[in-house]
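The working numbering puts the first residue of the sequence shown at 15, with every later residue one more than the last. Beneath this line is the structure, given in structure tokens, with notes to follow.
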Amino acid sequence: MLTILGIYITFILFLVFILLFGPSPRFRFGIVGKLHVFITDTMWTYLGKGMSKVMGERTLTKCHGCWSYLSEQRNPSLQILYLFFITGSIGTFLVCGYDLLPATSLSPIHQNFIIPVMIVFTYACFFVASSVGPGEVSAQNVRSALDAYPYDYLLFDPKICGTCKIQKPARSKHCSMCKMCVARSDHHCGWINQCVGHNNHRYFILFLYSAVQVCWYGSFLVYHIFVSRMYSSSMFKYLVATKRWEQLGFLRDYHIFI
15 MLTILGIYIT
25 FILFLVFILL
35 FGPSPRFRFG
45 IVGKLHVFIT
55 DTMWTYLGKG
65 MSKVMGERTL
75 TKCHGCWSYL
85 SEQRNPSLQI
95 LYLFFITGSI
105 GTFLVCGYDL
115 LPATSLSPIH
125 QNFIIPVMIV
135 FTYACFFVAS
145 SVGPGEVSAQ
155 NVRSALDAYP
165 YDYLLFDPKI
175 CGTCKIQKPA
185 RSKHCSMCKM
195 CVARSDHHCG
205 WINQCVGHNN
215 HRYFILFLYS
225 AVQVCWYGSF
235 LVYHIFVSRM
245 YSSSMFKYLV
255 ATKRWEQLGF
265 LRDYHIFI
């Protein structure tokens with residue numbers, strides 16, 4: 015098992031090394047540079063030709079159009095995926111673990127108050143982050159945006175957006191997926207299907223916090239359920255009775271789990 019894990023980690027590190035340093039002048043004409051060209055260009059060219067022969071040009075064109083829609087246009091695919099994962103996880107806990115909480119050492123406030131609040135809070139943060147716009151810079155509000163974000167003439171200089179044909183305030187950026195200039199642009203996030211900018215940055219941070227806290231809190235609840243079931247198991251009682259429990263040391267919980 016450790017050998018397989020070592021081979022896997024070595025392969026991943028070597029692949030990352032090729033992708034990062036393959037184009038550099040030092041490695042460009044060596045084996046690393048050739049592998050970089052193969053991985054980033056040649057392999058995909060031959061793969062496309064092979065798929066064209068197997069699937070046909072018409073099917074391949076449709077697949078390319080589907081990929082372009084998913085990767086180059088605004089679409090709710092990642093939002094649906096997030097809701098699928100978060101709803102599936104919460105639903106699995108409510109079906110399989112919620113009724114086991116009274117047997118744990120946790121206070122009833124978790125089951126009666128904290129868990130419902132956590133669930134509502136998680137969904138509310140997601141929907142707010144997905145619905146509040148990032149803050150569009152348009153011809154109507156560009157003057158106020160320029161006043162709010164002046165140029166420092168070090169990182170940001172006066173420029174005209176080639177698409178919107180308006181002056182770009184400092185820290186603004188035109189998003190090809192949202193099709194607008196975004197004030198204090200951070201990045202385009204597929205999980206909320208829009209850019210993160212001046213208006214919704216705080217809600218995006220809250221969305222990240224809600225996703226992390228529901229994972230940690232869920233792990234906390236599952237741990238207490240696991241411990242309560244472990245202590246009530248016949249295996250635990252046998253180990254205690256035979257005085258072998260203390261011999262396991264820090265591996266006690268692991269052995270009981272196995």
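Yeah, the Cβ is synthetic: ideal placement off N, Cα and C, and Gly gets one too.
Which residues DSSP lists as bridging residue i, in chain order
i, result
"Met194", "Cys189"
"Cys209", "His202"
"Lys173", "Lys182"
"Glu86", "DSSP lists no partner for Glu86."
"Val151", "Cys195"
C-beta neighbour in chain B for residue i, strict 9 Å
i, result
"Ile206", "Looking for chain B here will not work: only one protein chain is present."
Option in the options with minimal Cα separation from residue i
i, options, result
"Phe140", "Leu97, Lys187, Gly44 and Leu160", "Leu97"
"Phe35", "Ile53, Trp205, Pro122 and Tyr245", "Ile53"
"Asp166", "Leu95, Phe28, Pro183 and Tyr245", "Pro183"
"Arg185", "Thr177, Leu160 and Lys179", "Leu160"
"Ala225", "Val51, Ile133, Thr75 and Cys80", "Ile133"
"Cys189", "Cys77, Phe221 and Glu86", "Glu86"
"Asn126", "Tyr112, Phe135, Thr136 and Tyr137", "Tyr112"
"Pro148", "Lys179, Met57 and Ile219", "Ile219"
"Val142", "Trp58, Phe221 and Pro39", "Phe221"
"Val241", "Phe43, Leu114, Ser158 and Asp200", "Leu114"
"Ile239", "Cys110, Tyr83, Phe28 and Cys80", "Cys110"
"Ser144", "Leu168, Met57, Phe99 and His215", "His215"
Beta carbon of residue i nearer than 9 Å to that of residue j
i, j, result
"Val146", "Tyr217", "yes"
"Thr106", "Val228", "no"
"Ile128", "Tyr231", "yes"
"Cys178", "Arg88", "no"
"Phe31", "Val46", "yes"
"Ala153", "Ile123", "no"
"Gly62", "Leu49", "no"
(request) Indicate whether the contact test is met: 3 or more Cβ pairs, each with one atom in the segment 202-211 and one in the segment 89-103, closer than 8 Å. (result) yes
(message) Count Cβ pairs between the segment 190-197 and the segment 209-229 that sit closer than 8 Å; are there 3 or more?
(response) yes
(request) Spell out a yes or no on whether the segment 114-127 and the segment 231-244 are touching, meaning 3 or more CB-CB pairs, one atom from each, closer than 8 Å. (result) yes
(request) Evaluate the contact criterion for the segment 168-177 versus the segment 55-70: three or more CB pairs, one atom per stretch, below 8 Å. (result) no
(request) Pick out the complete alpha helix (DSSP H) segments inside the segment 52-107, 4 residues or longer, and give them in chain order. (result) 57-69 and 71-86
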